[in-house]
Ligand code: KG4
Ligand code: ZN
């Protein structure tokens with residue numbers, strides 16, 4: 021099956037064209053034919069993501085991403101042969117400024133690729149941004165006459181962590197149920213229990229800020245650019261390398277004794293703010309120390325809650341996904357601690373941690389194998405879609 025994945029849930033515009041075959045238990049192979057991803061830099065100016073700005077950027081970026089994703093694919097048939105009328109396409113894209121014109125130009129230049137399905141993120145995420153991807157997918161499905169599949173973004177983050185690279189292809193072979201996913205990103209912090217393939221139960225989540233959001237806010241307090249996670253991580257690593265101790269800079273470990281698997285990071289952010297205010301002007305070393313103490317705290321809380329869940333639910337495999345799982349320190353301590361417990365720990369490849377369309381094509385494939393296509397008209401954005 022050749023499948024196109026489209027992702028626009030937040031501030032990354034991404035499209036992946038993949039060829040996938042087999043069942044999970046039998047001869048499964050995933051091959052990326054083309055992959056494109058663009059992070060919207062405009063948001064760095066504001067230190068956060070504005071939904072309508074993101075939407076406009078998606079409308080501008082989608083066709084260029086499609087061109088890149090299909091660059092190595094030969095079309096079949098003639099350029100300009102499309103299965104829908106221009107009027108229909110214009111109606112589908114009525115709310116996506118400038119996208120109809122870009123798409124028509126593309127369709128007139130390029131023949132239809134050999135393609136079996138289009139998968140698109142329907143939630144969770146920023147609804148205006150999600151709609152742009154969904155409407156684009158609907159228009160392409162009409163133009164190429166292919167079926168459409170709606171994908172849960174968080175399922176994408178979960179499943180992509182299972183991919184193992186073998187030469188030019190990916191396989192999935194190495195996991196056991198029950199699985200526990202720790203999904204940590206700019207919008208989510210969730211512990212997800214999976215006892216059966218593609219069935220999920222959220223057993224813990226943040227009561228306020230997401231981990232990535234906390235990284236971004238603390239980075240801002242330290243004068244670092246958005247998104248802040250990678251910058252905090254770099255400073256924290258410098259502190260570790262230079263053995264900068266934390267001295268009297270100590271942060272509370274929130275929610276460790278809450279008796280459940282929930283998280284809370286809003287108080288931690290306030291605690292960092294107090295330390296920042298008390299240490300003005302911040303020297304580079306103090307910034308490194310704060311970054312390290314913050315990262316240690318977050319990593320420790322995430323790990324302790326994960327280990328609690330592992331014990332309670334007799335977990336065999338832990339899966340780490342989402343933007344924050346790119347964090348070196350978190351990857352390191354999870355790998356070490358879970359190895360000690362004899363629990364398999366799967367963390368997605370670095371390029372698949374932040375939002376991408378590989379994960380959407382992958383989740384879309386498995387949903388398609390279950391026959392879960394949606395009538396194009398019924399596909400809607402669902403900002404707070406939960407895993408189930
Ligand atoms: O999954 P993602 O790309 O988008 C959402 O769905 O939110 O995650 C983005 C988040 C941002 O908050 C960013 O600061 C964080 O992931 N992030 C990191 C690192 N790389 C990205 N946080 C900590 N350490 C990193 N190395
Ligand atoms: Zn994400």
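Numbering (our numbering), first residue to last: 21 to 408. We put the beta carbon where it would ideally sit given N, CA and C, even for glycine. Only a predicted model underlies this, so the values are computations on that prediction, with no experimental measurement involved.
Leaving out five residues on either side along the sequence, give the residues of the same chain with a beta carbon under 7 Å from the beta carbon of residue 95.
Here the question's residue 95 lines up with position 75 in the chain shown. Closer than 7 Å at the Cβ level, and outside the excluded window around residue 95, lie 130, 131, 132 and 133.
DSSP three-state assignment for residue 275, whether helix, strand or coil
Residue mapping note: residue 275 aligns to position 255 of the chain shown, counting from 1. In this structure, residue 275 counts as coil in the three-state DSSP scheme.
Member of 392, 217, 231 and 73 whose CA lies at the smallest distance from the CA of residue 28
Residue 28 sits at position 8 when you count from the first residue of the chain shown. For the options 392, 217, 231 and 73, the alpha carbon positioned closest to that of residue 28 is the one of 73.
Near the ligand NAD, which residues have their beta-carbon less than 5 Å from any of its heavy atoms, given in chain order?
Absence of the ligand NAD is noted for the structure shown, with the ligand KG4 and the ligand ZN being the only ligands found.
Per the DSSP calculation, residue 59 is bridged to which residue(s)?
Here residue 59 refers to the residue found at position 39 of the chain shown. In the DSSP output, where bridge partners are listed per residue, residue 59 has 32.
What is the DSSP secondary structure of residue 333, reduced to helix, strand or coil?
Position 313 of the chain shown, counting from 1, holds the residue named residue 333. Of the three classes helix, strand and coil, the one that applies to residue 333 here is coil, per DSSP.
Beta carbon of residue 342: closer than 8 Å to some heavy atom of the ligand KG4?
Counting from 1 along the chain shown, the entry for residue 342 is found at position 322. Yes, the beta carbon of residue 342 sits closer than 8 Å to at least one heavy atom of the ligand KG4.
Tell me which residues share the same chain as residue 58 and place their Cβ nearer than 8 Å to its Cβ, disregarding the 5 neighbours each side in the sequence.
As a working mapping, residue 58 is identified with position 38 in the chain shown. Cβ neighbours of residue 58 beyond the five flanking positions: 32, 33, 34, 81, 84 and 85.
Could you tell me which residues DSSP puts in a beta bridge with residue 219?
In the chain shown, the residue the question calls residue 219 occupies position 199. Partner(s): 216.
For the region 396-406 against the region 227-244, do three or more pairs of beta-carbon atoms, one drawn from each stretch, fall closer than 8 Å, so that the two count as touching?
Flag = no, the region 396-406 and the region 227-244 do not touch.
If I'm right that residue 198 touches residue 335 with Cβ under 8 Å, what's the distance once you round it to whole angstroms?
Your numbering for residue 198 matches position 178 in the chain shown. Your numbering for residue 335 matches position 315 in the chain shown. Between residue 198 and residue 335 a beta carbon distance of about 5 Å is seen, short of the 8 Å cut, so the two are scored as contacting.
Return the residue from the list 106, 137, 39 and 368 that minimises the CA-CA distance to residue 122.
Locating residue 122 in the chain shown gives position 102, where the first residue counts as 1. Nearest in C-alpha terms to residue 122, of all of 106, 137, 39 and 368, is 106.
Where are the beta strand (DSSP E) runs, 3 residues long or more, that stay fully inside the region 324-392, in chain order?
With a minimum length of 3 residues, the continuous beta strand (DSSP E) runs that stay inside the region 324-392 are 337-341 and 364-367.
Does the region 39-55 touch the region 154-164, meaning 3 or more C-beta pairs lie closer than 8 Å?
The region 154-164 is not in contact with the region 39-55.
Residues sharing a beta bridge with residue 46, DSSP
Translated into the one-based positions of the chain shown, residue 46 becomes position 26. Paired residues: 43.
Hey, is the region 376-389 in contact with the region 351-359, meaning 3+ C-beta pairs nearer than 8 Å?
Inter-segment contact for the region 376-389 and the region 351-359 is absent: fewer than three beta-carbon pairs are separated by less than 8 Å.
Quick one: using the 10 Å Cβ neighbour count with 16 as the cut-off for buried, is residue 91 buried or exposed?
Residue mapping note: residue 91 aligns to position 71 of the chain shown, counting from 1. Using a 10 angstroms sphere on the CB of residue 91, the tally of other CB atoms stays under 16, which defines it as exposed.
Going by the C-beta, is residue 235 closer than 8 Å to any heavy atom of the ligand KG4?
The residue labelled residue 235 in the question sits at position 215 within the chain shown. Yes - the ligand KG4 has a heavy atom lying nearer than 8 Å to the Cβ of residue 235.
At which residues does the beta strand (DSSP E) containing residue 199 begin and terminate?
The residue you call residue 199 lines up with position 179 of the chain shown. It spans 199-204 - the beta strand (DSSP E) in which residue 199 sits, taken as one unbroken run.
According to DSSP, is residue 135 helix, strand or coil?
For the purposes of this step, residue 135 is identified with residue 115 of the chain shown, where counting begins at 1. Shown here, residue 135 sits in coil according to DSSP, grouped into three states, outside any helix or strand.
Distance between residue 215 and residue 333 (C-alpha atoms, nearest Å)
The residue labelled residue 333 in the question sits at position 313 within the chain shown. The residue labelled residue 215 in the question sits at position 195 within the chain shown. Looking at the two C-alpha atoms, the distance is approximately 10 Å.
Decide if residue 236 is buried, meaning its Cβ has at least 16 other Cβ atoms within 10 Å, or exposed.
What you label residue 236 is simply residue 216 of the chain shown in a count that begins at 1. Residue 236 is buried by the Cβ-count criterion.
N-terminal and C-terminal residue of the alpha helix (DSSP H) that residue 265 is part of
Taking the first residue of the chain shown as 1, we reach residue 265 at position 245. Looking at the DSSP string, residue 265 is not in any alpha helix (DSSP H), and its letter there is neither H nor E.
Nearest to residue 189 by CA position, among 51, 363, 406 and 404, is which residue?
Reading the chain shown from its first residue, position 169 is the one you call residue 189. Ranked by how close their Cα comes to the Cα of residue 189, the residues 51, 363, 406 and 404 have 51 in first place.
Does the Cβ of residue 262 have 16 or more other Cβ atoms within 10 Å, making it buried, or fewer, making it exposed?
As a first step, residue 262 is located in the chain shown; it is residue number 242 there, counting from the start. It counts as exposed.
Considering only their Cβ atoms, is the gap separating residue 306 from residue 269 smaller than 9 Å?
Taking the chain shown and counting its residues from 1, one reaches residue 269 at position 249. Taking the chain shown and counting its residues from 1, one reaches residue 306 at position 286. Their beta carbons are under 9 Å apart, which means residue 269 touches residue 306 by this criterion.
Are there three or more Cβ pairs, one per stretch, closer than 8 Å when the region 356-375 is compared with the region 323-333?
Here the region 356-375 lies against the region 323-333, with 3 or more beta-carbon pairs under 8 Å apart.
Within 10 angstroms of its Cβ, does residue 187 collect 16 or more other Cβ (buried), or is it exposed?
Translated into the one-based positions of the chain shown, residue 187 becomes position 167. That one is exposed.
Through-space distance from residue 116 to residue 191, alpha-carbon basis:
Translated into positions along the chain shown, residue 191 becomes position 171. Translated into positions along the chain shown, residue 116 becomes position 96. Rounded to whole angstroms, residue 191 to residue 116 spans 37 Å at the Cα level.
Less than 9 Å between the C-beta atoms of residue 259 and residue 312, yes or no?
The residue given as residue 259 occupies position 239 in the chain shown. The residue given as residue 312 occupies position 292 in the chain shown. Yes.
Mind checking whether the beta-carbon of residue 198 lies closer than 8 Å to any heavy atom of the ligand KG4?
Looking up residue 198 in the chain shown gives position 178. False, no ligand heavy atom lies under 8 Å from that Cβ.
Does residue 217 pass the burial test, meaning 16 or more other C-beta atoms within 10 Å, or should it be called exposed?
Mapped onto the chain shown, residue 217 falls at position 197. Residue 217 sits exposed, since fewer than 16 C-beta atoms from the chains shown fall within 10 Å of its C-beta.
Just to confirm, does residue 145 get its C-beta within under 8 Å of one of the non-hydrogen atoms of the ligand KG4?
In the chain shown, counting from the first residue as 1, residue 145 sits at position 125. The answer is yes for residue 145.
Whole runs of the alpha helix (DSSP H) within the region 74-128, excluding any shorter than 4 residues:
Taking 4 residues as the shortest admissible run, the region 74-128 contains the following complete alpha helix (DSSP H) segments, listed from N- to C-terminal end: 106-112.
Spatial distance of residue 320 from residue 124 (CA atoms)
Position 300 of the chain shown, counting from 1, holds the residue named residue 320. Position 104 of the chain shown, counting from 1, holds the residue named residue 124. If I take the Cα positions, the gap works out to 51 Å.
Test item: CB-CB of residue 339 and residue 309 under 9 Å:
For the purposes of this step, residue 339 is taken as residue 319 along the chain shown, with counting starting at 1. For the purposes of this step, residue 309 is taken as residue 289 along the chain shown, with counting starting at 1. It is not a contact, given that the beta carbons lie outside the stated cut-off.
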